[in-house]
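**Student:** Heads up: the sequence lines are chains A and B, in that order.
The first sequence: position 131 = 131 (the working numbering), numbered continuously.
All you need for the working numbering is the position in the second sequence, starting with 1, plus 463.
Backbone N, C-alpha and C define an ideal beta-carbon position, used for all residues, glycine too.
Since this is a predicted model, take the numbers as computed values, not measurements.
Please find one structure pasted underneath; my questions will follow.
2 protein chains.
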Amino acid sequence: MISQSATSKLLQILGKEHLLTDTRDLGPFSHDATNQDFFPDAVAFPENADQISKILRLANEERFPVIPRGAGSGMSGGAVAVQGGLVLSTDRLNRILLIDEENLLVKVEPGVVTAHLQEEVEKRGLFYPPDPASLNISTIGGNVAECAGGPRAVKYGVTRDYVMGLTVVLPTGEIIATGVETAKGVVGYDLTRLIVGSEGTLAVIVEIILRLIPKPEMKRTMLIRFSDIEASARCVSQIIKEKIIPTTIEFMDSLSVECVRDQVPLELPQGESLLLLIELDGDQDRINRDARRIEALCRQTGVLEFRFAKNEWEAEELWKARRNLSPSLQRLRPHKINQDVVVPRSRLADFMVAISGIGQRYALPIPCFGHAGDGNIHVNIMFHNDRIDEAKRAHQALQEILRLTLDLRGTLSGEHGVGISKKPYIGMEIAPSALDLMRKIKKAFDPNGILNPGKIFDESPIR
Amino acid sequence: MISQSATSKLLQILGKEHLLTDTRDLGPFSHDATNQDFFPDAVAFPENADQISKILRLANEERFPVIPRGAGSGMSGGAVAVQGGLVLSTDRLNRILLIDEENLLVKVEPGVVTAHLQEEVEKRGLFYPPDPASLNISTIGGNVAECAGGPRAVKYGVTRDYVMGLTVVLPTGEIIATGVETAKGVVGYDLTRLIVGSEGTLAVIVEIILRLIPKPEMKRTMLIRFSDIEASARCVSQIIKEKIIPTTIEFMDSLSVECVRDQVPLELPQGESLLLLIELDGDQDRINRDARRIEALCRQTGVLEFRFAKNEWEAEELWKARRNLSPSLQRLRPHKINQDVVVPRSRLADFMVAISGIGQRYALPIPCFGHAGDGNIHVNIMFHNDRIDEAKRAHQALQEILRLTLDLRGTLSGEHGVGISKKPYIGMEIAPSALDLMRKIKKAFDPNGILNPGKIFDESPIR
Numbered sequence: 001m002i003s004q005s006a007t008s009k010l011l012q013i014l015g016k017e018h019l020l021t022d023t024r025d026l027g028p029f030s031h032d033a034t035n036q037d038f039f040p041d042a043v044a045f046p047e048n049a050d051q052i053s054k055i056l057r058l059a060n061e062e063r064f065p066v067i068p069r070g071a072g073s074g075m076s077g078g079a080v081a082v083q084g085g086l087v088l089s090t091d092r093l094n095r096i097l098l099i100d101e102e103n104l105l106v107k108v109e110p111g112v113v114t115a116h117l118q119e120e121v122e123k124r125g126l127f128y129p130p131d132p133a134s135l136n137i138s139t140i141g142g143n144v145a146e147c148a149g150g151p152r153a154v155k156y157g158v159t160r161d162y163v164m165g166l167t168v169v170l171p172t173g174e175i176i177a178t179g180v181e182t183a184k185g186v187v188g189y190d191l192t193r194l195i196v197g198s199e200g201t202l203a204v205i206v207e208i209i210l211r212l213i214p215k216p217e218m219k220r221t222m223l224i225r226f227s228d229i230e231a232s233a234r235c236v237s238q239i240i241k242e243k244i245i246p247t248t249i250e251f252m253d254s255l256s257v258e259c260v261r262d263q264v265p266l267e268l269p270q271g272e273s274l275l276l277l278i279e280l281d282g283d284q285d286r287i288n289r290d291a292r293r294i295e296a297l298c299r300q301t302g303v304l305e306f307r308f309a310k311n312e313w314e315a316e317e318l319w320k321a322r323r324n325l326s327p328s329l330q331r332l333r334p335h336k337i338n339q340d341v342v343v344p345r346s347r348l349a350d351f352m353v354a355i356s357g358i359g360q361r362y363a364l365p366i367p368c369f370g371h372a373g374d375g376n377i378h379v380n381i382m383f384h385n386d387r388i389d390e391a392k393r394a395h396q397a398l399q400e401i402l403r404l405t406l407d408l409r410g411t412l413s414g415e416h417g418v419g420i421s422k423k424p425y426i427g428m429e430i431a432p433s434a435l436d437l438m439r440k441i442k443k444a445f446d447p448n449g450i451l452n453p454g455k456i457f458d459e460s461p462i463r
Numbered sequence: 464m465i466s467q468s469a470t471s472k473l474l475q476i477l478g479k480e481h482l483l484t485d486t487r488d489l490g491p492f493s494h495d496a497t498n499q500d501f502f503p504d505a506v507a508f509p510e511n512a513d514q515i516s517k518i519l520r521l522a523n524e525e526r527f528p529v530i531p532r533g534a535g536s537g538m539s540g541g542a543v544a545v546q547g548g549l550v551l552s553t554d555r556l557n558r559i560l561l562i563d564e565e566n567l568l569v570k571v572e573p574g575v576v577t578a579h580l581q582e583e584v585e586k587r588g589l590f591y592p593p594d595p596a597s598l599n600i601s602t603i604g605g606n607v608a609e610c611a612g613g614p615r616a617v618k619y620g621v622t623r624d625y626v627m628g629l630t631v632v633l634p635t636g637e638i639i640a641t642g643v644e645t646a647k648g649v650v651g652y653d654l655t656r657l658i659v660g661s662e663g664t665l666a667v668i669v670e671i672i673l674r675l676i677p678k679p680e681m682k683r684t685m686l687i688r689f690s691d692i693e694a695s696a697r698c699v700s701q702i703i704k705e706k707i708i709p710t711t712i713e714f715m716d717s718l719s720v721e722c723v724r725d726q727v728p729l730e731l732p733q734g735e736s737l738l739l740l741i742e743l744d745g746d747q748d749r750i751n752r753d754a755r756r757i758e759a760l761c762r763q764t765g766v767l768e769f770r771f772a773k774n775e776w777e778a779e780e781l782w783k784a785r786r787n788l789s790p791s792l793q794r795l796r797p798h799k800i801n802q803d804v805v806v807p808r809s810r811l812a813d814f815m816v817a818i819s820g821i822g823q824r825y826a827l828p829i830p831c832f833g834h835a836g837d838g839n840i841h842v843n844i845m846f847h848n849d850r851i852d853e854a855k856r857a858h859q860a861l862q863e864i865l866r867l868t869l870d871l872r873g874t875l876s877g878e879h880g881v882g883i884s885k886k887p888y889i890g891m892e893i894a895p896s897a898l899d900l901m902r903k904i905k906k907a908f909d910p911n912g913i914l915n916p917g918k919i920f921d922e923s924p925i926r
């Protein structure tokens, strides 16, 4: 709870147009893409680091939680107020401050929408690769806080690989710059990458310096249809083993394909069929050569169909269907447990076969799709939440899937983060002494635990 | 000082063949490439994580410093025992544990020599890009501890960009795994990248998982000669602005060129001449096209000479001369202060012109060479240490150069680290509240300050 006097001080800092306290206004800020509701006490829309610093100092005095929030498109509950308190929206921090073509970098505020940034830099022949599926609404600040990935990570890596430096407000109110504006820099501990992926628990990001690369000349999309999981996984392994690194290698299993069948701009014959969508980018010569090699490999591994997208429109329609997959799955069951586990690429076939067995054993549809190229599979356990037995089976299946992932030397989250969704399971992956160290690091940043409490791991509650 | 009883316990842990305590044996372990002598009390050669854990637990009980050490080729004093104590050599932890061609990764122990790892993976058509000049002796463990760079960073990034996960022994003795074996992973705080570049002050690295990439098909070296600094810096800026990212763009100023003139396999006319050494790698078509574009740009910016290395031998000789530059500078003066500052690429010309002015004002030769492609310049202030006035001028010039670097929005170290060499100056770059946070992080890892004390920043001395 935020006290009356603290609320008055917030009003002084922000002005009344930039603070919401009426419960009727708080709804949109009470959930993210995990669809669980936690109402904050208030929502602040600061316009600069100085206001944020004042808010955090006040939160320390008054001991109320502060929850940084971008677009609220996160998949693990990073932006929700599980203990109430003040949601701190980055809506007004939405400027692209600098696009530096000589040094190949941008400086942006956290509220800039990912797709908007990409368009702006692409106009100048530059490229910011990370492409989470929500990029049309997600903000760069949220991407940095969660270390967002996306299909292109196969070739280009994830958000972490592009963050050069940050300006952040520490939970105790100090404004500090981390990292560098140069291509290299090793002075002091790497606070930048410690804050990237810390899910809004260590600092509030107010400025971001991102590295850019030259925009690839062109791209080409291939669609490959298989009749069984193992053949498709073997094909992915073969491509990488042949030292071809496509921009993306996306995978949809049969259940997923059924859900977007009517959105795909081509005839898909009825019956079992899995799709790989592969994109290559770069120089024309290289693309053509790699495409020919991929085609040859596919034909060796028992492909049903191999075709190139005829034109840009068709490629874009295919990608749109892929991006719409997550919501489309609701045709199978109204509720889902969505996990973004990762396994080593070479274990993909084992993983997919085991998942199919788990689905059969628990009598639940478990459509899988995602980034086969980096082993990052979105596993969706579909169920009716109001059928108690089904919900129970779903949670048992989840446990088994997480155990399977770790047994295959994988990780529980490739890009969504832990937040509240995976917090109960973090101990399966991270050893107690490592978790203990993370708690101490949290304490070093945030002695009173006011910043985004209740996320990632349990800490001492706010006193 | 290590007590008698602690020494006996160390002997029990290690066996007497693997502990040096005789002063006559300690010489080689008393310095690194900074050429300052600090004798440790003993040197340990553990063979596994378990022994290291026991040593660190003992060090906590007995409060003696432990200094991890690879090859001792570091440039900032990271591996020297400034407060005495136990040097912990990684000599026996020298195995390549796994080269995984399907998942494009290696697992290695920290004592593996960088060049050896590179050869082994290149035999399999894979590539580990970071290439510090000392790669023929430096170890991967040291590279990770310092976040080593090298000429290829322009295109491929630095050590940090290749570390996927670590096994480390915490200063308090716990053995933990950090990071992942998969292409993506965001579970918990990023301890991996916090430890990378922490200069042996946060944990002892015992195993490293490194990402690999496919080996480029071929490479091509160009040598470009300019008559003045500004033209060469402008040329570098133009290349990047044209969206060409060479593998390396190395720079040598006239003073540097003079020092390796007799090692370069070609006729260099007398008189002012600066060299750029550019390497392209990748597909033949792309290399040829980029080479032609670079040639055209160079001719526009007033080049004296543009030529391709005739063959691999000539290219290798050029690169050898480049790698030998650092020792060759002693022809100018016996002592040097060597700084690896970085400025934004676009400020390179301003920086070089200013350095030349500083050299004239202090009447000292300041040869500069290094990685122009990423703005990381090795500035060498040459002087006679025994001429008091000259030594004083050298240190004044250093202050001015560091100030200049930061004024141009650069950083004090691109790849050498802070250690003891840059510790007096860290406050020029890192704000007090950020330094304070780093001290708290250090304390979270190492409550008694036993691990590599006296490096990077001042902390409370060991009680």
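#1: Are Val187(A) and Gly165(A) closer than 8 Å when you measure CB to CB?
#2: Check the Cβ-Cβ distances between Phe832(B) and every residue of chain A, and say whether any is below 8 Å.
#3: Specify, as a first and last residue, the run of the beta strand (DSSP E) that Ser552(B) falls within.
#4: Report yes if the C-beta of Ile864(B) is less than 7 Å from at least one heavy atom of the ligand FMN; otherwise report no.
#5: Less than 8 Å between the beta carbons of Thr470(B) and Thr484(B), yes or no?
#6: Decide if the stretch 597-614 of chain B is in contact with the stretch 653-661 of chain B; the criterion is three or more beta carbon pairs, one per stretch, under 8 Å apart.
#7: Could you work out which residue in Ser326(A), Leu170(A), Arg361(A) is closest to Met901(B) when comparing CA atoms only?
#8: Residues in its own chain within less than 6 Å of Arg152(A) by CB, not counting five upstream and five downstream?
#9: Using CA coordinates, which residue listed in Met845(B), Thr764(B), Leu473(B) is at the minimum distance from Cys722(B)?
#10: Indicate whether Gly141(A) and Gly111(A) have their beta-carbon atoms separated by less than 8 Å.
#11: In chain order, which continuous runs of the alpha helix (DSSP H) of length 4 or greater are located wholly inside the stretch 379-428 of chain A?
#12: Give the straight-line distance between the Cα atoms of Pro830(B) and Gly822(B), rounded to the nearest whole angstrom.
#13: Can you tell me whether DSSP reads Ile337(A) as helix, strand or coil?
#14: Does the CB of Pro924(B) have a neighbour CB from chain A at under 8 Å?
#15: Of all the residues that make up the stretch 342-367 of chain A, which are near chain B by a beta-carbon distance shorter than 7 Å?
#16: Helix or strand or just coil, what does DSSP make of Leu432(A)?
#17: In chain A, what lies closer than 8 Å to Met538(B) by C-beta?
#18: Quick one, are the C-beta atoms of Thr182(A) and Pro807(B) less than 8 Å apart?
#19: Residues in the same chain with beta-carbon distance under 7 Å from Ile96(A), minus the five sequence neighbours each way, listed in chain order, please.
#20: Does the beta carbon of Ala115(A) come closer than 8 Å to any beta carbon on chain B?
#21: Might you give, ordered along the chain, the residues of its own chain that have their beta carbon closer than 6 Å to the beta carbon of Glu400(A), omitting 5 neighbours on each side?
#22: Give me the DSSP bridge partner(s) of Thr641(B).
#23: Which of the three DSSP states is assigned to Ala42(A) in this structure?
#24: Going along the chain, which residues of its own chain have a beta-carbon closer than 8 Å to the beta-carbon of His847(B), five neighbours each way excluded?
#25: What do you reckon, are the CB atoms on Gly533(B) and Ala542(B) nearer than 8 Å?
#26: In terms of alpha-carbon separation, which member of Gln4(A), Ser138(A), Arg289(A), Asp283(A) lies closest to Phe64(A)?
#27: So, helix, strand or coil for Glu670(B), using DSSP?
#28: According to a CB-to-CB cut-off of less than 8 Å, which residues of the stretch 51-83 of chain A neighbour chain B?
#29: For Glu15(A), which option in Gly27(A), Ser30(A), Asp25(A), Val43(A) has the closest C-alpha, if you only look at C-alpha atoms?
#30: Less than 8 Å separating the beta-carbons of Val720(B) and Leu738(B)?
#31: Give every residue of the same chain whose Cβ lies closer than 6 Å to the Cβ of Pro68(A), excluding the five residues on either side of it in the sequence, and list them in chain order.
#32: Quick check: is the beta carbon of Glu565(B) nearer than 8 Å to any beta carbon in chain A?
#33: May I ask you to list, following chain order, the residues of the stretch 649-679 of chain B that have a beta carbon less than 8 Å from some beta carbon of chain A?
#34: Do we get a CB-CB distance below 8 Å when we pair Ser700(B) with the residues of chain A?
#35: Using only alpha-carbon positions, find the residue among Gly417(A), Arg347(A), Lys184(A), Leu364(A) that is nearest to Arg393(A).
#36: For Gly917(B), would you say it is in contact with chain A, using Cβ-to-Cβ distances shorter than 8 Å as the test?
**Tutor:** By the coordinates alone:
#1: Contact flag unset, no.
#2: No - not a single Cβ of chain A is within 8 Å of the one on Phe832(B).
#3: 549-552
#4: As for the ligand FMN, it is missing from this structure, which has no ligand bound.
#5: yes
#6: A contact exists between the stretch 597-614 of chain B and the stretch 653-661 of chain B.
#7: Leu170(A)
#8: Pro129, Asp131, Thr247, Thr248
#9: Met845(B)
#10: yes
#11: 388-407
#12: 9 Å
#13: strand
#14: Reliability fails at Pro924(B), whose pLDDT of 42 lies under 50, so the model's placement of it is uncertain and the value that follows must be treated cautiously. No, no contact with chain A.
#15: Val342, Val343, Pro344, Arg345, Ser346
#16: The question names Leu, but residue 432(A) is Pro in the sequence shown. Pro432(A) falls in the helix class under three-state DSSP.
#17: Simply none; closest approach about 11 Å.
#18: Contact check for Thr182(A) against Pro807(B) passes: the beta carbons are separated by less than 8 Å.
#19: Val106, Val108, Val112, Leu117, Glu120
#20: Taking Cβ atoms only, chain B never reaches closer than 8 Å to Ala115(A), which makes this a no.
#21: Ile358
#22: Note: Thr641(B) sits in a beta bridge opposite Leu629(B).
#23: Three-state DSSP puts Ala42(A) in a strand.
#24: Arg796, Pro797, His798, Glu853, Ala854
#25: Cβ atoms of Gly533(B) and Ala542(B): closer than 8 Å.
#26: Gln4(A)
#27: strand
#28: none
#29: Going by the sequence as given, residue 15(A) is Gly instead of Glu. Comparing Cα positions, the closest option is Val43(A).
#30: yes
#31: Leu88, Gly200, Val204
#32: yes
#33: Val649, Val650, Gly651, Tyr652, Asp653, Leu654, Arg656, Leu657, Val659, Gly660, Ser661, Leu665, Ile676, Pro677, Lys678
#34: Yes - at least one Cβ of chain A is within 8 Å of the one on Ser700(B).
#35: Leu364(A)
#36: The beta carbon of Gly917(B) does not come within 8 Å of any beta carbon belonging to chain A, so the residue lies off that interface.
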